[in-house]
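The listed protein sequences derive, respectively, from chains A and B. Residue numbers for the first sequence follow our numbering, so the first one is 1 and each next one is one higher. Residue numbers for the second sequence follow our numbering, so the first one is 1001 and each next one is one higher. Ideal Cβ positions, reconstructed from N, Cα and C, are used throughout, including at glycine. Here is the structure we will look at.
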Amino acid sequence: MTEIGKVVVVACAGMDKPLGSVARASVFKVVEELRPERVELVCLPPLLAGVGFYAELIKSLPVITVDGCVERCATKLIVKNGGRIRGRILVLDSAKKHNLVPESGSHLGPTGEKLAETIAEEIASEVDKLIQGR
Amino acid sequence: MAVFKERVGIVSCSGEEIPEGTISRIATRLVLEKLRPDETITICLPLFLAGGEGERTFARLFNTITVDGCEKRCAEMGTKKYSGKPYATVTVTDILKEFPDFCLESRDELSPEECKFAEKVAEEIAKKVDEALDRGKTQIRSGES
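Next comes the structure, spelled out in structure tokens:
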């Protein structure tokens, strides 16, 4: 088990690409539906602005990053801020793997929603593994 | 000769924490896709904060409008820190004060009322875009910091 049985999830949530919106939607599904008791959602901008307790959280709990594109901003920013990354998901890879493409950044559409659900399940599975110490 | 099209950069908080962040994101999308598609571009805040040179250079050279969900004003602070003072700022919680009986609840799927509120925020952003363009301030800045 991790110290207090929780995992931090961080999504890039990028505005300029639909895959950033998928990343955002997928972490909401994990936090609100799949593993609400096991996950702490960390929002990147306040972390970087030094607001709140996020800096401590990413250092004390294992972190799963969810990046929309190859820029991998969530991963870069967590590393830069001393976070303990234990899992990484790249939405672009999942989209290719499952052949699911979102319609747009503001409207994911059925395939984008399906992609978000699929990634959410992958994240939840990673959360379970980390909590069980595997 | 290349024609140079003036545009305003919109930097929105990604706001996963609270419903106001979702409003800021959707309102920004409405401006980009429906209200002022030819006059605006978005600057990806995570990329901007992670060190995206293209994003930072654009924000240094052109006018930006930051859209924040709450008083933390992460988009505004980040823009100031890396590229200079934004032309204008919009904060959802400030606009929300004009509707004391209205309460935001969702940070994922918006209700019809929340969608209408997002449209109001989008109109506020669009007004600021018009101001920036009307005043001709969306021209390349000369080393202003």
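In whole angstroms, what separates the C-alpha of residue i from that of residue j?
{"i": "residue 1055/B", "j": "residue 1044/B", "result": "7 Å"}
{"i": "residue 1088/B", "j": "residue 1059/B", "result": "12 Å"}
{"i": "residue 86/A", "j": "residue 6/A", "result": "12 Å"}
{"i": "residue 8/A", "j": "residue 1005/B", "result": "42 Å"}
{"i": "residue 82/A", "j": "residue 1069/B", "result": "26 Å"}
{"i": "residue 29/A", "j": "residue 104/A", "result": "19 Å"}
{"i": "residue 121/A", "j": "residue 1128/B", "result": "41 Å"}
{"i": "residue 1037/B", "j": "residue 38/A", "result": "40 Å"}
{"i": "residue 43/A", "j": "residue 60/A", "result": "16 Å"}
{"i": "residue 79/A", "j": "residue 113/A", "result": "29 Å"}
{"i": "residue 64/A", "j": "residue 45/A", "result": "17 Å"}
{"i": "residue 1075/B", "j": "residue 1013/B", "result": "5 Å"}
{"i": "residue 88/A", "j": "residue 125/A", "result": "12 Å"}
{"i": "residue 131/A", "j": "residue 58/A", "result": "15 Å"}
{"i": "residue 1018/B", "j": "residue 1107/B", "result": "6 Å"}
{"i": "residue 90/A", "j": "residue 26/A", "result": "12 Å"}
Looking only at C-alpha atoms, which of the options sits nearest to residue i?
{"i": "residue 1079/B", "options": "1090/B, 1066/B, 1071/B", "result": "1066/B"}
{"i": "residue 72/A", "options": "128/A, 132/A, 20/A, 27/A", "result": "20/A"}
{"i": "residue 129/A", "options": "62/A, 51/A, 76/A, 97/A", "result": "62/A"}
{"i": "residue 14/A", "options": "1099/B, 1046/B, 1104/B, 1074/B", "result": "1046/B"}
{"i": "residue 10/A", "options": "66/A, 94/A, 89/A", "result": "66/A"}
{"i": "residue 1090/B", "options": "1102/B, 1081/B, 1104/B, 1073/B", "result": "1073/B"}
{"i": "residue 163/A", "options": "92/A, 34/A, 107/A, 23/A", "result": "Residue 163/A cannot be examined here, being either before or after the span of chain A that is shown, 1 to 134."}
{"i": "residue 77/A", "options": "92/A, 95/A, 54/A", "result": "54/A"}
{"i": "residue 16/A", "options": "1015/B, 1020/B, 1011/B", "result": "1011/B"}
Given residue i, which residues of its chain have a CB within under 7 Å of its CB, disregarding the five upstream and five downstream residues?
{"i": "residue 1030/B", "result": "1118, 1119, 1122"}
{"i": "residue 98/A", "result": "115, 118"}
{"i": "residue 75/A", "result": "65, 67, 85, 88"}
{"i": "residue 1094/B", "result": "none"}
If I measure Cβ to Cβ from residue i and keep anything under 8 Å in the same chain, skipping five residues before and after, which residues do I get?
{"i": "residue 1132/B", "result": "1008, 1063, 1065, 1087, 1088, 1138"}
Chain B partners of residue i, CB-CB under 7 Å?
{"i": "residue 11/A", "result": "1016"}
{"i": "residue 105/A", "result": "1029"}
Could you work out which residues of chain B lie near residue i, taking near to mean beta carbons separated by less than 8 Å?
{"i": "residue 179/A", "result": "In the structure as shown, chain A begins at 1 and stops at 134. Residue 179/A is therefore absent and cannot be evaluated."}
{"i": "residue 76/A", "result": "1050, 1051"}
{"i": "residue 41/A", "result": "1016, 1017"}
Which residues of chain A have a Cβ atom closer than 8 Å to the Cβ of residue i, listed in chain order?
{"i": "residue 1078/B", "result": "45, 48, 49"}
Apart from the five residues on each side of it in sequence, which residues of its chain come closer than 6 Å, Cβ to Cβ, to residue i?
{"i": "residue 1083/B", "result": "1056, 1059, 1060"}
Run through chain B and tell me which residues come within less than 9 Å of residue i, C-beta to C-beta.
{"i": "residue 32/A", "result": "1107, 1108"}
{"i": "residue 71/A", "result": "1044, 1046, 1047, 1050, 1052"}
Which residues in chain A have a C-beta closer than 7 Å to the C-beta of residue i? List them in chain order.
{"i": "residue 1072/B", "result": "46, 49, 51"}
{"i": "residue 1025/B", "result": "15"}
{"i": "residue 1033/B", "result": "106"}
In chain A, which residues lie less than 9 Å from residue i when you measure between Cβ atoms?
{"i": "residue 1170/B", "result": "This structure cannot settle anything about residue 1170/B, because the visible part of chain B is limited to 1001 through 1145."}
{"i": "residue 1075/B", "result": "45"}
{"i": "residue 1012/B", "result": "15"}
Which chain D residues are close to residue i, counting only those with a beta carbon under 9 Å from its beta carbon?
{"i": "residue 108/A", "result": "Absent here is chain D; the protein component of the structure consists of chains A and B."}
For the segment 1036-1084 of chain B, which segments carrying the beta strand (DSSP E) assignment without a break, of at least 3 residues, lie completely within its bounds, in sequence order? 1040-1043, 1064-1068
Tell me the start and end of each unbroken alpha helix (DSSP H) in the segment 16-57 of chain A that is at least 4 residues and wholly inside, in chain order. 18-29, 44-49
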